[in-house]
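> The sequence shown begins at 156 in this note's numbering and counts up by one. Submitted below is the structure of interest, expressed as structure tokens.
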Amino acid sequence: MTPTRLRAIFFLAYIIIAGGLWTASEWWERALAKRSGAPLISPGGCYRLEAFKPFWVLPNIFHPQPDLNGVGSPKWFPGWGSPGFYKLYDQRNGKLISETKIYDREAGAWGMDWGEGSGFVYSGLIPIGPNLTDCMGDRPTRVNPQ
């Protein structure tokens, strides 16, 4: 084998392995994530919010940081303060309502809005998920028995 051909094979193998690890890391960063803190129950009892710290093998700087508004492109090589994501559940039956992207909670999460007026649950600037139709603004609606 010539040195040029050997370099080409090495480069191709590197690209395939790196691409495979990148794809696998998209799965394991959420599947192996650790819960950070106790679940937060909404005052009206409709929602349960759980925060997670992603399982990252590579240093934080190698993970792109999404735009909080979802409009801009991700920021590459960011300085993460506290990476994490949220899962929003229906507290009454335990069903998953939504799961967020991984955000820097230090930059955007500073208080809870359970959907009063907006119909959407937010943690600071981080959009978490929609209100359920029978529990808008964290106020459960009464169902009259028939």
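Cβ coordinates follow ideal geometry from the N, Cα and C atoms, glycine included. Quantities reported herein were computed from a predicted structural model and do not represent experimental measurements.
Pick from 162, 199, 218: whose alpha carbon is nearest that of residue 178?
For the residues 162, 199, 218, the minimum Cα distance to residue 178 belongs to 218.
> Measuring alpha carbon to alpha carbon, tell me which residue in 287, 260, 265, 211 is nearest residue 273.
If we check each option's Cα against that of residue 273, 287 comes out closest.
> With H, G and I counted as helix, E and B as strand and the rest as coil, what does DSSP make of residue 293?
Three-state result, residue 293: helix.
> Put residue 239 into one of helix, strand or coil per three-state DSSP.
Note: residue 239 maps to strand in three-state DSSP.
> Quick one: is residue 207 buried, meaning 16 or more other Cβ sit within 10 Å of its Cβ, or exposed?
Buried: at least 16 other Cβ atoms inside 10 Å.
> What does the alpha-carbon distance come out to for the pair residue 246 and residue 201?
For residue 246 and residue 201, the distance between alpha carbons rounds to 5 Å.
> Exposed or buried, residue 188, counting other C-beta atoms within 10 Å across all chains shown (16 or more means buried)?
Residue 188 comes out buried.
> Helix, strand or coil for residue 176? Go by DSSP, reduced to three states.
Three-state result, residue 176: helix.
> Could you name the residues that DSSP lists as bridge partners for residue 284?
Answer is 276.
> Per the contact definition of three or more C-beta pairs closer than 8 Å, is the region 264-271 in contact with the region 224-236?
The region 224-236, when compared against the region 264-271, does not touch it at the 8 Å Cβ threshold.
> Over what stretch of residues does the beta strand (DSSP E) that includes residue 206 continue unbroken?
Here the beta strand (DSSP E) through residue 206 covers 202-208.
> Determine the burial state of residue 265: buried for a count of at least 16 other Cβ atoms within 10 Å of its Cβ, exposed for fewer.
It is exposed - the Cβ of residue 265 has fewer than 16 other Cβ atoms within 10 Å.
> Give me the Cα-Cα distance between residue 257 and residue 248, rounded to the nearest whole angstrom.
The straight-line gap from Cα to Cα measures roughly 25 Å.
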